[in-house]
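Just so we're aligned, residue 378 is where the sequence shown starts under my numbering, counting upward by one. Heads up, the beta-carbon is just placed ideally off N, CA and C, and yes, glycines get one too.
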Amino acid sequence: MRLPDSVTGSFLVALGAAAAYGGWILPPVPGQPVGPNVFPLVIGTGLALCGLAIVFGIGHSFEEEEELVPLEDGQAATAPPPQGKLYSLRALLPPALLLFYVFAADRLGFIITAAIMVYVTSTALGAKWKLALPLAALSPFAIHLIFAKLLRVPLPAGLLPTPW
(Lines of atoms letter the chains of each structure in order from A and count residues from 1; the text may use other names and numbers.)
(Lines give C-alpha, C1' and ligand atoms only; values in the text may rest on other atoms or scores of the structure.)
Protein backbone atom coordinates (compact mmCIF):
# COMPACT_ATOMS: atom_id res chain seq x y z
CA MET A 1 0.00 0.00 0.00
CA ARG A 2 1.33 3.40 -0.94
CA LEU A 3 0.19 6.46 0.90
CA PRO A 4 -0.59 9.54 -1.16
CA ASP A 5 1.81 12.45 -0.86
CA SER A 6 -0.86 14.57 0.82
CA VAL A 7 -1.14 12.09 3.72
CA THR A 8 2.62 11.75 4.14
CA GLY A 9 3.17 15.50 3.88
CA SER A 10 0.38 16.23 6.36
CA PHE A 11 1.93 13.79 8.83
CA LEU A 12 5.30 15.55 8.48
CA VAL A 13 3.65 18.95 9.00
CA ALA A 14 1.97 17.68 12.19
CA LEU A 15 5.20 16.08 13.41
CA GLY A 16 7.16 19.26 12.69
CA ALA A 17 4.57 21.41 14.44
CA ALA A 18 4.70 19.14 17.49
CA ALA A 19 8.50 19.33 17.59
CA ALA A 20 8.46 23.11 17.21
CA TYR A 21 5.84 23.43 19.95
CA GLY A 22 7.90 21.17 22.21
CA GLY A 23 10.90 23.42 21.66
CA TRP A 24 8.82 26.55 22.18
CA ILE A 25 7.73 25.50 25.68
CA LEU A 26 11.25 24.65 26.89
CA PRO A 27 12.47 27.15 29.51
CA PRO A 28 15.47 29.32 28.61
CA VAL A 29 18.83 28.80 30.30
CA PRO A 30 19.93 31.90 32.24
CA GLY A 31 23.07 33.52 30.88
CA GLN A 32 23.00 31.81 27.49
CA PRO A 33 21.77 33.58 24.36
CA VAL A 34 20.95 30.25 22.69
CA GLY A 35 18.93 27.90 24.83
CA PRO A 36 17.81 24.30 24.49
CA ASN A 37 14.75 25.37 22.52
CA VAL A 38 16.61 26.37 19.35
CA PHE A 39 17.33 22.89 17.99
CA PRO A 40 13.74 21.56 18.26
CA LEU A 41 12.41 24.83 16.82
CA VAL A 42 14.72 24.70 13.80
CA ILE A 43 14.18 20.99 13.16
CA GLY A 44 10.41 21.23 13.67
CA THR A 45 10.09 24.24 11.39
CA GLY A 46 12.21 22.59 8.71
CA LEU A 47 10.21 19.37 8.97
CA ALA A 48 6.92 21.26 8.69
CA LEU A 49 8.17 23.21 5.65
CA CYS A 50 9.31 20.00 3.96
CA GLY A 51 5.91 18.46 4.71
CA LEU A 52 4.19 21.44 3.11
CA ALA A 53 6.42 21.08 0.05
CA ILE A 54 5.36 17.43 -0.23
CA VAL A 55 1.67 18.28 0.19
CA PHE A 56 1.78 20.94 -2.54
CA GLY A 57 3.96 18.83 -4.85
CA ILE A 58 6.90 21.21 -4.90
CA GLY A 59 9.84 19.42 -6.48
CA HIS A 60 7.66 16.68 -7.97
CA SER A 61 8.86 17.62 -11.45
CA PHE A 62 12.44 16.66 -10.49
CA GLU A 63 11.53 13.01 -9.92
CA GLU A 64 12.59 10.56 -12.58
CA GLU A 65 9.89 9.01 -14.68
CA GLU A 66 9.50 5.27 -14.31
CA GLU A 67 10.61 3.32 -17.34
CA LEU A 68 7.97 0.88 -18.56
CA VAL A 69 9.00 -2.39 -20.12
CA PRO A 70 6.38 -4.05 -22.37
CA LEU A 71 5.62 -7.69 -21.65
CA GLU A 72 4.62 -10.36 -24.14
CA ASP A 73 0.93 -10.29 -23.21
CA GLY A 74 0.61 -6.55 -23.92
CA GLN A 75 0.80 -5.30 -20.35
CA ALA A 76 3.54 -3.04 -19.09
CA ALA A 77 5.75 -3.64 -16.08
CA THR A 78 8.32 -1.42 -14.43
CA ALA A 79 11.97 -2.14 -15.00
CA PRO A 80 13.69 -3.76 -12.02
CA PRO A 81 16.22 -1.53 -10.27
CA PRO A 82 19.87 -2.37 -10.82
CA GLN A 83 21.04 -4.64 -8.03
CA GLY A 84 24.49 -5.79 -7.05
CA LYS A 85 25.56 -8.82 -5.08
CA LEU A 86 25.17 -7.09 -1.71
CA TYR A 87 22.06 -5.06 -2.58
CA SER A 88 19.81 -6.90 -0.13
CA LEU A 89 22.23 -6.25 2.74
CA ARG A 90 21.89 -2.45 2.53
CA ALA A 91 19.38 -2.46 5.38
CA LEU A 92 22.14 -3.68 7.70
CA LEU A 93 24.44 -0.80 6.78
CA PRO A 94 23.29 1.78 9.41
CA PRO A 95 23.67 -0.54 12.42
CA ALA A 96 26.94 -1.88 11.03
CA LEU A 97 28.30 1.65 10.62
CA LEU A 98 27.14 2.54 14.11
CA LEU A 99 29.02 -0.42 15.55
CA PHE A 100 32.05 0.47 13.42
CA TYR A 101 32.02 4.01 14.85
CA VAL A 102 31.75 2.75 18.43
CA PHE A 103 34.72 0.41 18.06
CA ALA A 104 36.94 2.48 15.72
CA ALA A 105 36.46 6.12 16.73
CA ASP A 106 38.75 6.06 19.77
CA ARG A 107 41.61 4.36 17.91
CA LEU A 108 41.33 5.99 14.49
CA GLY A 109 39.77 9.28 15.53
CA PHE A 110 36.69 11.03 14.25
CA ILE A 111 38.15 12.30 10.97
CA ILE A 112 39.32 8.91 9.66
CA THR A 113 36.29 7.03 10.99
CA ALA A 114 33.84 9.53 9.52
CA ALA A 115 35.66 9.51 6.17
CA ILE A 116 35.36 5.72 5.96
CA MET A 117 31.70 5.88 6.96
CA VAL A 118 30.86 8.58 4.40
CA TYR A 119 32.64 6.70 1.61
CA VAL A 120 30.93 3.39 2.43
CA THR A 121 27.52 5.03 2.72
CA SER A 122 27.93 7.01 -0.49
CA THR A 123 28.97 4.02 -2.54
CA ALA A 124 26.24 1.84 -1.00
CA LEU A 125 23.66 4.42 -2.04
CA GLY A 126 24.92 4.39 -5.62
CA ALA A 127 27.43 7.24 -5.80
CA LYS A 128 30.41 6.83 -8.10
CA TRP A 129 33.89 6.97 -6.55
CA LYS A 130 34.50 10.36 -8.24
CA LEU A 131 31.81 11.83 -5.98
CA ALA A 132 32.21 9.58 -2.94
CA LEU A 133 35.94 10.18 -2.50
CA PRO A 134 35.86 14.02 -2.32
CA LEU A 135 32.75 13.83 -0.17
CA ALA A 136 34.51 11.45 2.22
CA ALA A 137 37.60 13.68 2.28
CA LEU A 138 35.82 16.99 2.97
CA SER A 139 32.68 16.30 4.98
CA PRO A 140 34.39 14.94 8.15
CA PHE A 141 36.34 18.20 8.49
CA ALA A 142 33.17 20.27 8.11
CA ILE A 143 31.32 18.13 10.64
CA HIS A 144 34.28 18.29 13.03
CA LEU A 145 34.35 22.09 12.78
CA ILE A 146 30.63 22.29 13.52
CA PHE A 147 30.90 20.05 16.57
CA ALA A 148 34.18 21.47 17.90
CA LYS A 149 33.65 25.20 17.33
CA LEU A 150 29.90 25.79 17.29
CA LEU A 151 28.62 23.09 19.61
CA ARG A 152 31.84 22.69 21.65
CA VAL A 153 31.54 18.92 21.68
CA PRO A 154 34.90 17.17 21.85
CA LEU A 155 35.41 14.43 19.29
CA PRO A 156 38.07 11.69 19.46
CA ALA A 157 41.39 12.84 17.98
CA GLY A 158 42.88 9.43 17.20
CA LEU A 159 45.63 9.29 14.58
CA LEU A 160 44.97 12.75 13.10
CA PRO A 161 44.68 15.38 15.83
CA THR A 162 43.23 18.53 14.29
CA PRO A 163 45.20 21.77 14.74
CA TRP A 164 42.15 23.81 15.62
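What span of residues does the alpha helix (DSSP H) with residue i cover, start to end?
i	result
R484	470-485
L512	506-522
Can the beta-carbon of residue i be found less than 9 Å from the beta-carbon of residue j?
i	j	result
G434	S387	no
D382	I431	yes
G399	T422	no
L389	A425	yes
G486	G408	no
A491	T500	no
P472	V495	no
I488	L537	yes
F524	L512	no
I493	F480	no
T498	L470	yes
P417	A391	no
Using DSSP with H/G/I as helix, E/B as strand and the rest coil, what is residue i?
i	result
I431	helix
P538	coil
G399	helix
V411	coil
F388	helix
L528	coil
V406	coil
P320	Because the chain in this structure spans residues 378 to 541, residue 320 falls outside the shown range and cannot be described.
G503	coil
L380	coil
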